[in-house]
Amino acid sequence: MFIRIENSSAVPVYRQIIDQIRYQVAAGVIRSGERLPSVRDLARQL
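Using our numbering, the first residue of the sequence shown is number 148, and each one after it goes up by one.
Quick look at the structure:
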């Protein structure tokens, strides 16, 4: 899973993450039943 954070955005980081995960689910990038990364793993990626 790829999540891109725009540091210059007025949108808070947590909201950017939520929006991108929702988009990826809707687009079929993240499939039903697929596990999301843990908070720790996600923090490492960011």
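Built from N, CA and C at the ideal position, the CB exists for glycine as well.
>> Taking 7 Å as the cut-off, is the beta-carbon of residue 157 closer than that to any non-hydrogen atom of the ligand SAH?
In response: With respect to the ligand SAH, the structure shown offers nothing to examine, as it has no ligands at all.
>> Just verifying my parser: in three-state terms, what is the DSSP assignment at residue 193?
In response: For residue 193, the three-state secondary structure derived from DSSP is coil.
> Do you know how far the Cα of residue 167 is from the Cα of residue 184?
Replying inline: Approximately 14 Å, taken between the alpha carbons.
> Rounded C-beta distance between residue 155 and residue 163? I'm assuming under 8 Å.
Replying inline: In fact, because the Cβ distance is near 11 Å, the residues do not count as touching under 8 Å.
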